[in-house]
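Remarks on the structure that follows.
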Amino acid sequence: MEVDTGALRANFGALRERVGSETRLIPMVKADGYGLGAVRVARALEPLDPWGFGVAAGEEGVELRTAGIDRPILVAAPLAPGGERTAAEAGLIPSVSDLAGVERWASAAASTGRDLELHVEVDTGMGRCGFQWERAAEWAPSVLERLGPRVRWTGIFTHFQGADDPSPNATITQWERFRQALEAVERAVGDRLRASLERSGVGLPLMVHACNSAGVVRFPELAADAVRPGIFLYGAAPAPAIPTPEATRPRPVAAVRARLLLVRDVPEGATVGYGATHRAERTERWGTLGIGYGDGLPRALGNRGAALVRGRRVPIVGRVSMDLTVVDLTDLPDAVPGDVATLIGSDGGAAIPVEEVAAQAGTISYEILTGLTRRLPRVEVSGSAEPEPVALDTGAGHARVE
Ligand SMILES: *Cc1c(COP(=O)(O)O)cnc(C)c1O
86 MEVDTGALRA
96 NFGALRERVG
106 SETRLIPMVK
116 ADGYGLGAVR
126 VARALEPLDP
136 WGFGVAAGEE
146 GVELRTAGID
156 RPILVAAPLA
166 PGGERTAAEA
176 GLIPSVSDLA
186 GVERWASAAA
196 STGRDLELHV
206 EVDTGMGRCG
216 FQWERAAEWA
226 PSVLERLGPR
236 VRWTGIFTHF
246 QGADDPSPNA
256 TITQWERFRQ
266 ALEAVERAVG
276 DRLRASLERS
286 GVGLPLMVHA
296 CNSAGVVRFP
306 ELAADAVRPG
316 IFLYGAAPAP
326 AIPTPEATRP
336 RPVAAVRARL
346 LLVRDVPEGA
356 TVGYGATHRA
366 ERTERWGTLG
376 IGYGDGLPRA
386 LGNRGAALVR
396 GRRVPIVGRV
406 SMDLTVVDLT
416 DLPDAVPGDV
426 ATLIGSDGGA
436 AIPVEEVAAQ
446 AGTISYEILT
456 GLTRRLPRVE
466 VSGSAEPEPV
476 ALDTGAGHAR
486 VE
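Here the sequence shown is numbered in this note's numbering, starting from 86 and rising by one per residue.
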């Protein structure tokens, strides 16, 4: 598996252009940086000055700290009860979704003697976590009262469930709910918050954030104080169902390659793989690749997917097994053992985008990338050392929210 850190950085630059200089970027590096390596990704993006990094579990934040990442680390999902102390010692910023979570964080801060922060998540329709948006007037004072002497409430956010949907309506509705919750927080505790954070003037002194990748691409006017992109950085279109111009797509970052281990000519009638689901209709040349579902290549690609060998597309024949996958090289007589086959990525002028593999496997590119297993060594490449940011004119796919 190749990770093109030049492309990763170009994608970060494109998002920065899109949101403008007032909005901070919080690259989401959860699930080991979507399978590309969280520490590798964080180190590659560090020089571009992100606000910090986002993870989903305390342990993921601790891994970044241990690797020497000292920017803010937001845990954008509830901490597992009992995990507060480790998270506090690592100086993470948890997101809280209930008052009990605030209390546990306050006592972790007290017992470690550290000054810590938290962000409040607001549920505006995602339904996984967050305080209810309609009840902000009730929970906002209660959050403030439970912070204790060592915790500051510094951020508030929500998460869109449908920013990749062709219709903008779901996102418009969620934003409107979020806006109402922010107003209720301001009315209920605005003055006390400004006093506690020693800020004067008007406006909530909280970092406000909502957008994931699809949000940034389609609703840049909702970028607020910060955005939390993931998949776009990793080179996959956040809303593949929406036709957008070539220029709005991120640069591919990950490639998956395997070697041809064997090349054999087989007679008509020969069968391949478990269940013998492919039978040679003539003399065929089959190539055996050293990759399978044990590496994260979806089993659903059997008799459907393809590989690139010597810049040419060849079909996968038979079922994908755990360690081996067979391709039909009949039309590629020059192929020899040792040749590199590309399962995701480009070779010469040909390409198999991760979105294509995801569609063939009936899933999304997120699941393909995070499903690539540790058996695949990650190799850092920098195909575009000093990249130009890609343009992000979303054209047809862009829905405006006023
Ligand atoms: C995963 C995640 C993101 C990033 O989503 P992408 O679609 O990958 O950009 C942002 N915010 C939260 C809370 C997340 O869980």
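Glycine residues also receive a C-beta, built at the ideal position from the N, C-alpha and C atoms.
Fill in: Counterpart residues of residue 413 in DSSP-defined beta bridges
Taking the sequence shown and counting its residues from 1, the one referred to as residue 413 is at position 328. Its beta-bridge partners are 371.
Worksheet item: For residue 254, is the classification buried or exposed, using 16 other Cβ atoms within 10 angstroms of its Cβ as the cut-off for buried?
Response: Within the sequence shown, numbered from 1, the residue matching residue 254 stands at position 169. By the neighbour-count rule (16 or more Cβ atoms within 10 Å), residue 254 is not buried but exposed.
Worksheet item: When every heavy atom of ligand 1 is checked, does at least one fall within less than 7 Å of the C-beta of residue 292?
Response: Indexing the sequence shown from 1 puts residue 292 at position 207. No, Cβ of residue 292 sits at least 7 Å from all heavy atoms of ligand 1.
Discussion item. For residue 337 and residue 300, what's the separation of their Cα atoms in angstroms?
Written reply: Within the sequence shown, the letter at position 252 stands for residue 337. Within the sequence shown, the letter at position 215 stands for residue 300. Each residue's Cα considered, the two are about 19 Å apart.
Practice prompt. Below 8 Å on the Cβ atoms is my guess for residue 381 versus residue 458; work out the distance and round it to an integer in Å.
Written response: The residue you call residue 381 lines up with position 296 of the sequence shown. The residue you call residue 458 lines up with position 373 of the sequence shown. Between residue 458 and residue 381 the Cβ distance is about 5 Å, and since that is below 8 Å, they are a contact.
Practice prompt. Give a single yes or no on whether residue 317 has its beta carbon closer than 7 Å to a heavy atom of ligand 1.
Written response: Locating residue 317 in the sequence shown gives position 232, counting from the first residue. Yes.
Worksheet item: Can we count residue 298 as close to ligand 1, meaning its CB is less than 7 Å from some heavy atom?
Response: Along the sequence shown, read from residue 1 onward, the residue named residue 298 stands at position 213. Checking the Cβ of residue 298 against ligand 1 gives yes.
Item to complete: In angstroms with no decimal places, state the Cα-to-Cα distance between residue 305 and residue 103.
Response: Residue 305 sits at position 220 when you count from the first residue of the sequence shown. Residue 103 sits at position 18 when you count from the first residue of the sequence shown. Whole-angstrom Cα-Cα distance: 7 Å.
Fill in: CB contact flag (residue 139, residue 156, <8 Å)
Here residue 139 is taken as the residue at index 54 of the sequence shown, counted from 1. Here residue 156 is taken as the residue at index 71 of the sequence shown, counted from 1. It is not a contact, given that the beta carbons lie outside the stated cut-off.
Worksheet item: residue 362 lies in the beta strand (DSSP E); which residues open and close that run?
Response: Here the question's residue 362 lines up with position 277 in the sequence shown. Premise fails: residue 362 is in no beta strand (DSSP E) and is neither H nor E.
Worksheet item: Between the C-alpha atoms of residue 471 and residue 86, what's the straight-line distance to the nearest angstrom?
Response: To locate residue 471, count along the sequence shown from 1; it is residue 386. To locate residue 86, count along the sequence shown from 1; it is residue 1. Legend: pLDDT at residue 471 = 43, less than 50; position of this residue unreliable, no value from coordinates given.
Item to complete: Within the region 257-309, note down every full alpha helix (DSSP H) run reaching 4 residues or more, in order along the chain.
Response: 298-303
Discussion item. I need the straight-line Cα distance from residue 101 to residue 177, nearest angstrom please.
Written reply: Counting from 1 along the sequence shown, the entry for residue 101 is found at position 16. Counting from 1 along the sequence shown, the entry for residue 177 is found at position 92. Computed Cα separation, rounded: 24 Å.
Item to complete: Determine, using beta carbons only, whether residue 88 and residue 122 come nearer to each other than 8 Å.
Response: Position 3 of the sequence shown, counting from 1, holds the residue named residue 88. Position 37 of the sequence shown, counting from 1, holds the residue named residue 122. For residue 88 and residue 122, yes; Cβs fall inside 8 Å.
Item to complete: Run the proximity test for residue 244: is its beta-carbon closer than 7 Å to any non-hydrogen atom belonging to ligand 1?
Response: Here residue 244 corresponds to residue number 159 of the sequence shown, with the count starting at 1. At least one heavy atom of ligand 1 is nearer than 7 Å to the Cβ of residue 244, so yes.
Worksheet entry | One or two residues paired with residue 178 in a DSSP bridge | If you number the sequence shown from 1, residue 178 lands on position 93. In DSSP, residue 178 forms a bridge with 159.
Worksheet item: Beta-carbon separation of residue 291 and residue 278 under 8 Å?
Response: Within the sequence shown, the letter at position 206 stands for residue 291. Within the sequence shown, the letter at position 193 stands for residue 278. Closer than 8 Å, so yes.
Practice prompt. Select from 207, 220, 356 and 325 the residue whose C-alpha is nearest the C-alpha of residue 293.
Written response: Walking along the sequence shown from the start, residue 293 turns up at place 208. The residue with the shortest Cα to Cα distance from residue 293 is 207.
Worksheet item: What runs of the alpha helix (DSSP H), each 4 residues or longer, lie entirely inside the region 117-166?
Response: 123-130 and 143-151
Worksheet entry | Simplified DSSP state of residue 338, which is helix, strand or coil | Residue numbering aside, residue 338 sits at position 253 when the sequence shown is read from its first letter. Correct three-state label for residue 338: coil.
Worksheet entry | Alpha-carbon to alpha-carbon, residue 259 and residue 444 | The residue given as residue 444 occupies position 359 in the sequence shown. The residue given as residue 259 occupies position 174 in the sequence shown. Rounded to the nearest angstrom, the two C-alpha atoms are 28 Å apart.
Worksheet item: Relative to ligand 1, is the shortest distance from any of its heavy atoms to the C-beta of residue 141 smaller than 7 Å?
Response: For the purposes of this step, residue 141 is taken as residue 56 along the sequence shown, with counting starting at 1. For ligand 1, at least one heavy atom lies less than 7 Å from the Cβ of residue 141.
Discussion item. Quick check on residue 479: buried or exposed, where buried means 16 or more other Cβ atoms within 10 Å of its Cβ?
Written reply: Here residue 479 is taken as the residue at index 394 of the sequence shown, counted from 1. Annotation note: pLDDT 43 at residue 479 (below 50); position unreliable, coordinate value reported separately. Its Cβ being crowded by 16 or more others within 10 Å, residue 479 is buried.
Practice prompt. Sort 217, 240, 219 and 383 by Cα distance to residue 160 and report the nearest one.
Written response: Against the sequence shown, residue 160 aligns to sequence position 75. If we check each option's Cα against that of residue 160, 240 comes out closest.
Worksheet item: Got a sec? Which residues, its chain only, sit under 6 Å from residue 109 by beta carbon, not counting five neighbours each side?
Response: Numbered from its first residue, the sequence shown carries residue 109 at position 24. Counting only Cβ-Cβ distances below 6 Å, and skipping sequence neighbours, we find 136 and 311.
Worksheet item: Would the C-beta of residue 161 count as close to ligand 1, meaning under 7 Å from any of its heavy atoms?
Response: Taking the sequence shown and counting its residues from 1, the one referred to as residue 161 is at position 76. Checking every heavy atom of ligand 1 against the Cβ of residue 161, one is found closer than 7 Å.
Fill in: Coil, strand or helix - residue 112 by DSSP
One-based indexing of the sequence shown puts residue 112 at position 27. Three-state DSSP puts residue 112 in coil, outside helix and strand.
Fill in: Residue span of the alpha helix (DSSP H) that contains residue 97, given as start and end
Here the question's residue 97 lines up with position 12 in the sequence shown. Note, residue 97: alpha helix (DSSP H), 90-104.
Discussion item. Just list the residues that DSSP pairs residue 87 with in beta bridges.
Written reply: Translated into positions along the sequence shown, residue 87 becomes position 2. 340 and 464, per the DSSP bridge assignment.
Discussion item. Using a Cβ-Cβ cutoff of less than 6 Å, which residues in the same chain neighbour residue 341 once the five nearest sequence positions on both sides are dropped?
Written reply: Here residue 341 is taken as the residue at index 256 of the sequence shown, counted from 1. The answer, listed in chain order, is 86, 428 and 429.
Worksheet item: When DSSP labels each residue in this structure, what does residue 490 get in the three-state scheme?
Response: In the structure as shown, the chain starts at 86 and stops at 487, and residue 490 therefore has no counterpart that could be examined.
Worksheet item: Expressed to the nearest angstrom, what Euclidean distance is found between the alpha-carbon atoms of residue 272 and residue 251?
Response: Here residue 272 corresponds to residue number 187 of the sequence shown, with the count starting at 1. Here residue 251 corresponds to residue number 166 of the sequence shown, with the count starting at 1. Spanning the two alpha carbons is a distance of roughly 35 Å.
Discussion item. Contact defined as beta carbons within less than 8 Å: I believe residue 194 pairs with residue 236. What is the distance between those atoms, to the nearest angstrom?
Written reply: Residue numbering aside, residue 194 sits at position 109 when the sequence shown is read from its first letter. Residue numbering aside, residue 236 sits at position 151 when the sequence shown is read from its first letter. Indeed, because the Cβ distance is near 5 Å, the residues count as touching under 8 Å.
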